[in-house]
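Peer 1: Quick one: the structure is below, and I'll ask about it shortly.
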Amino acid sequence: MAPVTYKGASSFSFTHQPKKFDVFLSFRDEDTRFGFVSNLYNALCQRGINTFIDNNLQRGEEISVGLLKVIENSRISIIVFSENYASSKWYLDELAKIVECKKNDQLVLPVFYNINPLEVRNQKGKFGEALSKHEKKLKNYKVQSWREALFEAANISGWHYQRSCSEFEFIKEIVEEISNFKLNRTPLFVARYPVGINYRVKPILSDIESNDGHIIGIYGPGGIVLDDVDKWIQIENLLGRCNWFAFGSKIIITTRDKHLLATLGKCCSTYEVKELDQDEALELLGMHAFQSNKPKEDYLELANRVIQYAKGLPLALVRIGDDLNGRTKPQWRSTVDKYERIPNKEIQKILEISYEGLDETKKDIFLDIACFFKGFFKEYVMDILNACDLHPIYGIQKLMDKSLITVDQCDRLLMHDLLQQMGRDIIRRESPQMPGERSRLWCYEDIHRVLTQNTGSEKIRSIMICSPEASKMKLEPKCFEKMKNLKFLMVSNVDICRGLKYLPNELRVLDWSGFPLSSLPSNFDPQKLIALNMPESRVTLTKLFMV
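In our numbering, the protein residues as written are 22 to 568.
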């Protein structure tokens, strides 16, 4: 016989909040675990529906915090009401939590297993007896909350299983229904705490509400714009031509590449999404770290360090806030110290998407700016990059289009601190333990180790040395001898012991402030040298090269 459906499941639309589980199963162990529920669970899993079943058979008096979190992180709850369901305080607490989550748009579906739905709704029979027993031992408000939860859940459309039904067909119908909910109403991701959204969305909404049929392009850096159309062919396949659209239709494209939107011309209205300001950043961090719109007063100093580190990037604020949630002040301090030294892998993985989409030349330009030229004037940097055959006119514009760098009003190249940290970490990963095997050196400690221990290699392409005033670095005569492919060398505040015996012939740029000798090494061939800058040096033009 076909299963009897109680009321028939109603239509439903999910919110956009992402969840860990598709389905949470609530049931009474002794009634249904080793038969009906076990078969239902297996059938759901076989259809690819991520289902949670609590396998802890030893239950305490109170429901665990972990299980409450699981219920919150489920899109659908199936409550299997059976004969002895209400006799357990654990399951009634579970039910109350499920009904609470229903208010936050969780889909709740009851199954009445060998029990009359009216008995549950009206709390008669075994359900009435169980609740009466609870009232003798517990406070009235507690039992009343269970009664209200039972009444609400029993009035939801669901399924009624009777002994005359085919259990196989009954389970099949439930799985089909759940599968339809899962596949046809896939939730979109939105931020848990959409701080700073309103005024940013306002101009976009006016475009969406207009009757004109056109495209809306939203662009910004990684960590703000997560979805990413990064190739023209993706847009072409999706859109064809603007006149294909019906009157009033809208296409919204999110990308990290501003130039892709420019190719759409008048069809597309573009909007840049910028970093959060100080107040917004503090609010977002507070929501994730404290579930409050501002950090606790005694954590404010540490919170401001996080704000300074994240520089308005929502991705960083969310990840760090979640990581710091519930931690003590010493733990906060230790964690923030670590972030400032070592990039967070989750954040870096997302930021690197834009970098990985570059060709090798543009990657080199990005890494040079990250390691050496952040804050330098654009024209000066372009001259250096041009000398190194990196074709910077197009390359720098491409980095700007992809929101990897910006140029300020004074024409200086700027980059978000986390992007700079990412770029430098990419170089460190070339050889974590041996800095002499990396392509670029900028860190004083690494350079000191390489030059004083003579551990350089042909892999080194660029070096920027700036010794602290208090401790000038002293270079050995042949410290550059192993660096055959060195193209860029910038030095200041450095002493040379016993002269300089070697400079690589591949050098294109030599910028040495305060060069302490009267001439360069006699074996240095400057044929490839394009830029030479030696201010405050002893060298004169007539004695520049020893013969």
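Cβ atoms here follow ideal geometry from the backbone N, Cα and C, with glycine treated the same way.
Could you spell out the range, first to last residue, of the alpha helix (DSSP H) harbouring ASP43?
Peer 2: Taking the first residue of the sequence shown as position 1, residue 43 is located at position 22. That residue, ASP43, is in no alpha helix (DSSP H); its beta strand (DSSP E) goes 42 to 47.
Peer 1: Are the CB atoms of ASP410 and ARG529 nearer to each other than 9 Å?
Peer 2: Position 389 of the sequence shown, counted from the first residue, corresponds to residue 410. Position 508 of the sequence shown, counted from the first residue, corresponds to residue 529. Closer than 9 Å, so yes.
Peer 1: Ordered along the chain, which non-local residues of its own chain (more than five positions away) have a Cβ less than 6 Å from that of TRP533?
Peer 2: As a first step, residue 533 must be located in the sequence shown, where it is residue number 512. Within the same chain, TRP533 has close Cβ partners VAL512, MET555.
Peer 1: PHE202 to ILE74, Cα distance in whole Å?
Peer 2: Taking the sequence shown and counting its residues from 1, the one referred to as residue 202 is at position 181. Taking the sequence shown and counting its residues from 1, the one referred to as residue 74 is at position 53. The straight-line gap from Cα to Cα measures roughly 19 Å.
Peer 1: Do TRP353 and TYR320 have their C-beta atoms closer together than 9 Å?
Peer 2: In the sequence shown, residue 353 corresponds to position 332, counting from 1. In the sequence shown, residue 320 corresponds to position 299, counting from 1. Yes.
Peer 1: In the DSSP assignment, what are the bridge partners of ALA552?
Peer 2: By 1-based counting over the sequence shown, the position of residue 552 is 531. Beta-bridge pairing links ALA552 to VAL530.
Peer 1: Run through the DSSP bridge pairs and tell me what HIS155 is partnered with.
Peer 2: By 1-based counting over the sequence shown, the position of residue 155 is 134. DSSP lists no partner for HIS155.
Peer 1: In whole angstroms, what separates the C-alpha of SER483 from that of PRO224?
Peer 2: On the sequence shown, residue 483 is found 462 positions in, with the first residue counted as 1. On the sequence shown, residue 224 is found 203 positions in, with the first residue counted as 1. Their Cα atoms are separated by approximately 45 Å.
Peer 1: Let me know the secondary structure DSSP gives ARG15 once reduced to three states.
Peer 2: For residue 15 there is no data in the structure shown, the boundaries of the chain being 22 and 568.
Peer 1: Are the beta-carbon atoms of ASN135 and GLU93 separated by less than 9 Å?
Peer 2: Locating residue 135 in the sequence shown gives position 114, where the first residue counts as 1. Locating residue 93 in the sequence shown gives position 72, where the first residue counts as 1. Against a cut-off of 9 Å, the Cβ pair of GLU93 and ASN135 comes out as no contact.
Peer 1: Unbroken alpha helix (DSSP H) runs of length 4 or more, entirely within the stretch 393 to 422: which are they?
Peer 2: Entirely contained in the stretch 393 to 422, the alpha helix (DSSP H) runs reaching 4 residues are, in chain order, 399 to 408, 413 to 422.
Peer 1: Using the C-alpha atoms, what's the distance from ALA337 back to GLN299?
Peer 2: The residue given as residue 299 occupies position 278 in the sequence shown. The residue given as residue 337 occupies position 316 in the sequence shown. Distance between the alpha carbons of GLN299 and ALA337: 14 Å.
Peer 1: I'd like to know whether the C-beta of SER483 is nearer than 9 Å to at least one C-beta of chain B.
Peer 2: Protein chain content of the structure displayed is limited to a single chain, and chain B is not contained in it.
Peer 1: Rounded to the nearest angstrom, what separates LYS350 and ILE363 at their Cα positions?
Peer 2: Here residue 350 corresponds to residue number 329 of the sequence shown, with the count starting at 1. Here residue 363 corresponds to residue number 342 of the sequence shown, with the count starting at 1. Computed Cα separation, rounded: 20 Å.
Peer 1: Between ILE97, PHE148, ASN63, GLU150, which has its C-alpha nearest LYS124's C-alpha?
Peer 2: Looking up residue 124 in the sequence shown gives position 103. For the residues ILE97, PHE148, ASN63, GLU150, the minimum Cα distance to LYS124 belongs to ILE97.
Peer 1: For the alpha helix (DSSP H) containing PHE133, list its first residue and its last residue.
Peer 2: Translated into positions along the sequence shown, residue 133 becomes position 112. No alpha helix (DSSP H) holds PHE133; the beta strand (DSSP E) holding it covers 128 to 134.
Peer 1: Does the distance from the C-beta atom of PRO456 to that of ARG445 stay below 9 Å?
Peer 2: Position 435 of the sequence shown, counted from the first residue, corresponds to residue 456. Position 424 of the sequence shown, counted from the first residue, corresponds to residue 445. Contact: no.
Peer 1: Taking the Cβ atom as the reference point for each residue, do ASN514 and GLY535 lie within a distance shorter than 9 Å?
Peer 2: Working through the sequence shown from its first residue, we reach residue 514 at position 493. Working through the sequence shown from its first residue, we reach residue 535 at position 514. The answer is yes: Cβ separation under 9 Å.
Peer 1: So the candidates are LYS118, ARG449, LEU226; which of them puts its Cα closest to the Cα of TYR292?
Peer 2: To locate residue 292, count along the sequence shown from 1; it is residue 271. Of LYS118, ARG449, LEU226, the residue nearest in Cα terms is LEU226.
Peer 1: From which residue to which residue does the beta strand (DSSP E) around SER558 run?
Peer 2: Your numbering for residue 558 matches position 537 in the sequence shown. No beta strand (DSSP E) holds SER558; DSSP gives it neither H nor E.
Peer 1: Return yes when the Cβ of ILE414 is within less than 9 Å of the Cβ of VAL402, no when it is not.
Peer 2: Taking the sequence shown and counting its residues from 1, one reaches residue 402 at position 381. Taking the sequence shown and counting its residues from 1, one reaches residue 414 at position 393. Not closer than 9 Å, so no.
Peer 1: In this structure, does DSSP put GLU573 in helix, strand or coil?
Peer 2: Nothing about residue 573 can be read from this structure; the chain reaches only from 22 to 568.
Peer 1: Where DSSP assigns a beta bridge to ARG433, which residues make up the other side?
Peer 2: Start at 1 with the first residue of the sequence shown, and residue 433 comes out as number 412. In the DSSP output, where bridge partners are listed per residue, ARG433 has PHE398.
Peer 1: Report buried or exposed for GLY4, applying the criterion of at least 16 other Cβ atoms within 10 angstroms of its Cβ.
Peer 2: Any property of residue 4 remains undetermined from this structure, which presents the chain solely from 22 to 568.
Peer 1: Could you check what DSSP says for GLY241 in three-state terms: helix, strand or coil?
Peer 2: Indexing the sequence shown from 1 puts residue 241 at position 220. Residue state, collapsed to three classes: coil.
Peer 1: Who are the Cβ neighbours of GLU458 in its own chain at under 6 Å, not counting the five residues just before and after it?
Peer 2: The sequence position of residue 458 within the sequence shown is 437, counting from 1. SER452, SER478, LYS480, listed in sequence order.
Peer 1: Taking only the alpha-carbon atoms, compute the straight-line gap between GLU51 and GLY347 and give it to the nearest angstrom.
Peer 2: Along the sequence shown, read from residue 1 onward, the residue named residue 51 stands at position 30. Along the sequence shown, read from residue 1 onward, the residue named residue 347 stands at position 326. Answer to the nearest angstrom: the Cα atoms are 37 Å apart.
Peer 1: Determine contact between the stretch 135 to 155 and the stretch 181 to 200, defined as no fewer than three beta-carbon pairs at a distance below 8 Å.
Peer 2: The stretch 135 to 155 vs the stretch 181 to 200: in contact.
Peer 1: Alpha carbon to alpha carbon, how far is GLN312 from PRO335?
Peer 2: Residue 312 sits at position 291 when you count from the first residue of the sequence shown. Residue 335 sits at position 314 when you count from the first residue of the sequence shown. Roughly 16 Å between the two C-alpha positions.
Peer 1: Between which two residues does the beta strand (DSSP E) harbouring ARG96 extend?
Peer 2: Within the sequence shown, the letter at position 75 stands for residue 96. Taken as a continuous stretch (DSSP letters only), the beta strand (DSSP E) holding ARG96 covers 95 to 102.
Peer 1: Within its chain, find whatever has a CB closer than 7 Å to the CB of CYS151; leave out the 5 residues flanking it on each side and keep chain order.
Peer 2: What you label residue 151 is simply residue 130 of the sequence shown in a count that begins at 1. Note on residue identity: the sequence assigns Ala, not Cys, to residue 151. Here the set comprises ALA107, SER108.
Peer 1: Output the boundary residues of the alpha helix (DSSP H) element that contains MET443.
Peer 2: The count along the sequence shown starts at 1 and reaches residue 443 at position 422. 438 to 449 is the span of the alpha helix (DSSP H), which, as asked, contains MET443.
Peer 1: Which value, in whole angstroms, describes the spacing of the CA atoms of LYS508 and HIS412?
Peer 2: On the sequence shown, residue 508 is found 487 positions in, with the first residue counted as 1. On the sequence shown, residue 412 is found 391 positions in, with the first residue counted as 1. Those two C-alpha atoms are separated by around 15 Å.
Peer 1: Given a threshold of 16 other Cβ atoms within 10 Å of its Cβ, counted over all protein chains shown, does LEU439 qualify as buried or as exposed?
Peer 2: Position 418 of the sequence shown, counting from 1, holds the residue named residue 439. Result: buried.
Peer 1: Whole angstroms is fine: what's the gap from VAL216's alpha carbon to LEU425's?
Peer 2: Position 195 of the sequence shown holds residue 216. Position 404 of the sequence shown holds residue 425. So the two alpha carbons sit approximately 23 Å from each other.
Peer 1: Tell me LEU510's beta-bridge partners as DSSP assigns them.
Peer 2: For this step, residue 510 is matched to residue 489 along the sequence shown. Bridge partners of LEU510: ILE484, LEU531.
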